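See structure below.
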Amino acid sequence: MLNIHNLSVSFSGEYLFENVTFRIGAGDRVGLVGKNGAGKSTMLKLLSGEFEPDTGTIAVEKALKIGFLRQDIEFIPGRTVLEEAYQAFVEIKQIEGQLERVNKELTERTDYESEEYSLLIEKLSDLTHHYEIIGGYSYEGNAERVLIGLGFKREEFGNLTETFSGGWRMRIELAKLLLQDNDVLLLDEPTNHLDIESIIWLEQFLKTYPGAVVIISHDKMFLDNVTNRTIEISLGKIYDFNKPYSEYLVLREELREMQLAAQKNQAKKIEETEKLIEKFRYKATKASMAQSLIKKLDKVERIEVDEDDNAVMNISFPVSIDPGRVVIEIENVTKSFGEKTIFKDIDLLVERGTKLAFVGQNGQGKSTMIKAIIDEFEYDGNIKLGHNVQIGYFAQNQADYLDGEKTLLDTMLDAATDGNRIKVRDMLGAFLFRGDDVEKKVKVLSGGERNRLALCKMLLSPINVLLMDEPTNHLDIKSKNVLKRALANFKGTLVLVSHDRDFLQGLTDLVYEFKDQRIKEYLGDINYFLEERNAQNMREIEKKTPEVEVKAVVVEEKKTQTLSYEEQKKQKSMQNRLSKVESEINDLEKKIAKEDELLAADYEKMVNDTNFFANYEKKKKRIEELMQEWEDISGELM
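Numbering follows the numbering used here, in which position 76 of the sequence shown is assigned residue number 93; successive positions increment by one, without gaps.
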C-alpha cells in the first residue's frame, strides 16, 4: 500500500530522521511512538502527502485513499453536527443533488410521451441504482451510529458545530474520517478527547478495519488493544517490530541487552587481537602474522548499540508561600447547565498539603468543579479560598490558550515578571527547548511540545495550590513520568483530574468519585479506591451502563426508519431552525444582562435616553417571540 524508502527530513540543518525505510501493508495497525518532538506528526504529514521529504520517496498504490486526522482542525461555521458528518459522503451528496434536480424537472414536465421525458426517466433509474450501490439509503444511519459511538446524543445532532468545544469538534472530524471509504487511516492522538466509552468503541472499530491504520498515541492500553505493530522514532532512526506496544518494549530491551553483550564480547576479542599485534609487530619472524591480524581487524564491523533517547524535562513546582491550614472550602455547591444538574449540594474541605484525585465518568462534574473553584462561571453555594492561597491552574486544553503566532521565547517573556524574566531561557532549556528551538513559532510545535510549553509558562506565576485537569494529554510516556515525579515532590496542595491509573498510582492519598450529582470520599490512593469499587482498572469505573443506552438507540432508530425521506428532511430543517433560535435567544439574553448592569450603575442617565429604552424593550419583545417559536418547533419535533 505504502512504500517508504530512504526518507529524510531536516529542520534548521538538523535531521528529524534520516534514510528511514519501511512499508505499510493492508491489515497493518501500526502504533507510531516516540518522544514529543521526535517527528511522529511530521511522519503522518509526509504519509498523507501534506509535506514533501528532503530526500527519499513514498510510493503509493494507484487510487489509494488516505484519511488523516490532524491535531488542528477547522470547520465551516453554520453546519450542524449531522451536516458536518455528512461531508464524509461527497459522491452520495452529489448524486442526491442530481436526483433532486431530475425529480423536480419530472414533476414540472407534462410531455410524458416525448423522448426527452424517457431519457429523464432512464437517467433517474441509473442515478437511483448507483445511489443504492454506494450506500445512499444507509449513509444517514451509518453517520448516526458512528456519532453515537463517539459519544454524541441524538438530541445534539441538530446543534451547530461552533457550539461545541475543540474536543467535541475533534470527535466530529474523527466520525467523518471513519465514515469515509479510506484504504489507510492516519490518526494523530485520536483518544485525547474521548471518554472511556468512546475509546472502547473506537478500539472495536479499528480492530475490524480492513485497511491499514497508523496511530500516534501515548495511551498504552489503547495501543496494546488495537495495534499489531510498533514503529518507534528515536534520534533520527526507526525501530520496527511486528508486536503491540508493551511486547515491543520487552523485545526492544532484549535486543539492546543482546547488542551490549555482543559488543562487550567483540571488544574483548579486539583487545586480545591488538595485544597480539603489539607482541608480533617488531619481530621479523612474526611481522607477516602481525600484518595479517591488522588487515583482519580493519575488516571487523564494529557492533553498535542502539542509542536510547534519555533526554527528559527537568521540572519542579516550588511552593511560593505557605497558605493557611484550609486552602479550599466548598459549601452546598450546586451547578446546573439549563435543566441538567451536574452536581448538587457538594461539601468539601481541602487542607494544606493534601494531594487528592477527582475520578469518575465523563460528564459527572470533575472538570466543572475545578472551574468553579477558579471562579470561571457562576454556581449556587459558596467556595472560599484560604489565606495566602495562590492557585496554578492547568486546563485540559491549556495548550489552546497559547498564541500560535508567537515564538516560544516571546510567549514566556510576555508572561514573565521583572523577577523571573532573566530565567526564561534557562526554564525553556529545562523543558527541552534549547538553542534555536526558542525562536520557533508555537504553531509548529507538536501537541506534546505545546503542553510542555504550557507547563513551563505556568511556573512563571507563584503557586502553592495546583489544580490540574488531565495534564498528561499529548505527553509522551517519559514526560508523564517526569511530571509525576515533580508532582510527587511538590510540597503544596494538589487537586488532580485524571483517568490514567499508572499516573495516579502513588501520587495522591485521597480520592473523590463524582457520580449521580454527588461525591464520595475514599481515604486512600487510587489502588485502594479500585479495590473498594471491586474494579481492575479505571475503564471499568468510567464505563457507563450500556444496556439502557443501546435500547434507547434501537427505539430511536426504529422511529427514524418509519419516517419518509421528505419527513426526515423537514425534521432536519426544523432542528437547524431550533438551534438558530436557541443561539439568538442566548445572544439577546447576554445583551439584556449588560444593559441591566448599565441601568443599575446609572439609572437616571439611562431613563432619559429614549433610544436606550426603545431598543431594550425591542430586545425583550424579540425574546418573547423567539421563545414562542422555540415552543412551537419543540412541540412539532416531539
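Idealized CB from N, CA, C, for every residue including glycine.
Here the structure is a predicted model, which means the values were calculated and not measured.
Buried or exposed: where does residue 111 fall if 16 or more other Cβ atoms within 10 Å of its Cβ makes it buried? As a first step, residue 111 is located in the sequence shown; it is residue number 94 there, counting from the start. Exposed, by the Cβ-count rule.
Anyone know if the C-beta pair for residue 56 and residue 19 falls short of 7 Å? In the sequence shown, the residue the question calls residue 56 occupies position 39. In the sequence shown, the residue the question calls residue 19 occupies position 2. Against a cut-off of 7 Å, the Cβ pair of residue 19 and residue 56 comes out as no contact.
Check whether residue 384 and residue 486 have beta carbons under 7 Å apart: Here residue 384 refers to the residue found at position 367 when the sequence shown is read from its first residue. Here residue 486 refers to the residue found at position 469 when the sequence shown is read from its first residue. Result yes, Cβ atoms of residue 384 and residue 486 sit closer than 7 Å.
What residue from 525, 340, 518, 279 has the CA that sits closest to residue 506's CA? Within the sequence shown, the letter at position 489 stands for residue 506. Nearest option by C-alpha distance: 525.
Ranges of the alpha helix (DSSP H) found wholly within the stretch 446-486, counting only runs of at least 4: 464-475
What is the rounded straight-line gap between the Cα of residue 98 and the Cα of residue 114? The residue given as residue 98 occupies position 81 in the sequence shown. The residue given as residue 114 occupies position 97 in the sequence shown. Distance between the alpha carbons of residue 98 and residue 114 is about 20 Å.
Apart from the five residues on each side of it in sequence, which residues of its chain come closer than 6 Å, Cβ to Cβ, to residue 537? Position 520 of the sequence shown, counting from 1, holds the residue named residue 537. Counting only Cβ-Cβ distances below 6 Å, and skipping sequence neighbours, we find 530.
For residue 727 and residue 611, I'd like the C-alpha separation in whole angstroms. What the structure shows of the chain is the stretch from 18 to 655, and residue 727 is not part of that stretch, so it cannot be assessed.
Please state if the CB of residue 255 and the CB of residue 37 are separated by a distance shorter than 7 Å. Working through the sequence shown from its first residue, we reach residue 37 at position 20. Working through the sequence shown from its first residue, we reach residue 255 at position 238. In contact: residue 37 and residue 255 (Cβ atoms closer than 7 Å).
Over the uninterrupted beta strand (DSSP E) stretch that includes residue 251, give me the two end residues. Translated into the one-based positions of the sequence shown, residue 251 becomes position 234. Start and end: 246-251.
What are the start and end residues of each continuous alpha helix (DSSP H) run of 4 or more residues lying completely inside the stretch 54-121, in chain order? 57-65, 98-102
What span of residues does the beta strand (DSSP E) with residue 527 cover, start to end? In the sequence shown, counting from the first residue as 1, residue 527 sits at position 510. Per DSSP, residue 527 belongs to the beta strand (DSSP E) from 527-532.
Residue interval of the alpha helix (DSSP H) (run including residue 147): The count along the sequence shown starts at 1 and reaches residue 147 at position 130. From DSSP, the alpha helix (DSSP H) with residue 147 extends over 132-150.
How about residue 243 and residue 223: are their beta carbons less than 7 Å apart? Walking along the sequence shown from the start, residue 243 turns up at place 226. Walking along the sequence shown from the start, residue 223 turns up at place 206. Taking 7 Å as the Cβ cut-off, residue 243 and residue 223 qualify as a contacting pair.
With a cut-off of 8 Å, do at least 3 Cβ pairs link the stretch 393-410 to the stretch 475-484? yes
Can you grab the Cα-Cα spacing for the pair residue 542 / residue 367, in whole Å? Taking the first residue of the sequence shown as position 1, residue 542 is located at position 525. Taking the first residue of the sequence shown as position 1, residue 367 is located at position 350. Distance between the alpha carbons of residue 542 and residue 367 is about 16 Å.
Quick one: Cα of residue 199 to Cα of residue 82, how far? Your numbering for residue 199 matches position 182 in the sequence shown. Your numbering for residue 82 matches position 65 in the sequence shown. For residue 199 and residue 82, the distance between alpha carbons rounds to 5 Å.
By the DSSP assignment, the alpha helix (DSSP H) with residue 233 in it spans what residues? On the sequence shown, residue 233 is found 216 positions in, with the first residue counted as 1. Per DSSP, residue 233 belongs to no alpha helix (DSSP H); it is in the beta strand (DSSP E), 229-233.
Please state the DSSP three-state secondary structure of residue 267. Here residue 267 refers to the residue found at position 250 when the sequence shown is read from its first residue. Here residue 267 sits in helix by DSSP.
Is it a yes or a no for the stretch 333-350 touching the stretch 396-404, going by three-plus beta-carbon pairs under 8 Å? yes
Around the Cβ of residue 406, are there at least 16 other Cβ atoms within 10 angstroms (buried) or fewer (exposed)? Working through the sequence shown from its first residue, we reach residue 406 at position 389. It is buried - the Cβ of residue 406 has at least 16 other Cβ atoms within 10 Å.
Spatial neighbours of residue 532 within its chain, please: CB distance less than 8 Å, with the 5 preceding and 5 following residues excluded, ordered by chain position. By 1-based counting over the sequence shown, the position of residue 532 is 515. Contacts found: 377, 378, 381.
Bridge-paired residues (DSSP) for residue 399: Along the sequence shown, read from residue 1 onward, the residue named residue 399 stands at position 382. Per DSSP, 348.
Host alpha helix (DSSP H) of residue 243 (start-end): By 1-based counting over the sequence shown, the position of residue 243 is 226. Note, residue 243: alpha helix (DSSP H), 237-243.
Please check if any C-beta of chain D sits within less than 7 Å of the C-beta of residue 78. The question asks about chain D, but that chain is absent: this structure has only one protein chain.
Starting from residue 25, trace the alpha helix (DSSP H) both ways and give me its first and last residue. The count along the sequence shown starts at 1 and reaches residue 25 at position 8. Looking at the DSSP string, residue 25 is not in any alpha helix (DSSP H); the run it does join, the beta strand (DSSP E), is 19-28.
Based on DSSP bridge pairs, tell me the residues matched to residue 258. If you number the sequence shown from 1, residue 258 lands on position 241. BP columns for residue 258 point to 247.
Less than 7 Å between C-beta atoms, sequence neighbours within five positions excluded: which residues of the same chain meet that for residue 173? In the sequence shown, the residue the question calls residue 173 occupies position 156. Correct list, in chain order: 98.
Residue 208 (DSSP reduced to helix, strand or coil): Along the sequence shown, read from residue 1 onward, the residue named residue 208 stands at position 191. Looking at residue 208 - three-state DSSP - the assignment turns out to be coil, as it is neither helix nor strand.
So, is residue 155 buried or exposed, given that buried needs 16 or more other C-beta atoms within 10 angstroms? Position 138 of the sequence shown, counting from 1, holds the residue named residue 155. Burial call: exposed.
For the stretch 512-524 and the stretch 487-501, state whether three or more C-beta atom pairs, one from each stretch, are separated by less than 8 Å. yes
Which of helix, strand or coil does DSSP assign to residue 433? Mapped onto the sequence shown, residue 433 falls at position 416. Coil, per DSSP.
Cα-Cα separation, residue 510 to residue 272: Reading the sequence shown from its first residue, position 493 is the one you call residue 510. Reading the sequence shown from its first residue, position 255 is the one you call residue 272. Cα-Cα distance, rounded: 43 Å.
Beta-bridge pairing of residue 374 - partner residues as DSSP gives them: In the sequence shown, residue 374 corresponds to position 357, counting from 1. Per DSSP, 513, 528.
Measuring straight from C-alpha to C-alpha, what distance separates residue 395 and residue 363? Looking up residue 395 in the sequence shown gives position 378. Looking up residue 363 in the sequence shown gives position 346. Looking at the two C-alpha atoms, the distance is approximately 15 Å.
Run the CB neighbour count on residue 45, radius 10 Å, all protein chains shown included, and call it buried at 16 or more, exposed below. Translated into positions along the sequence shown, residue 45 becomes position 28. Buried is the call here.
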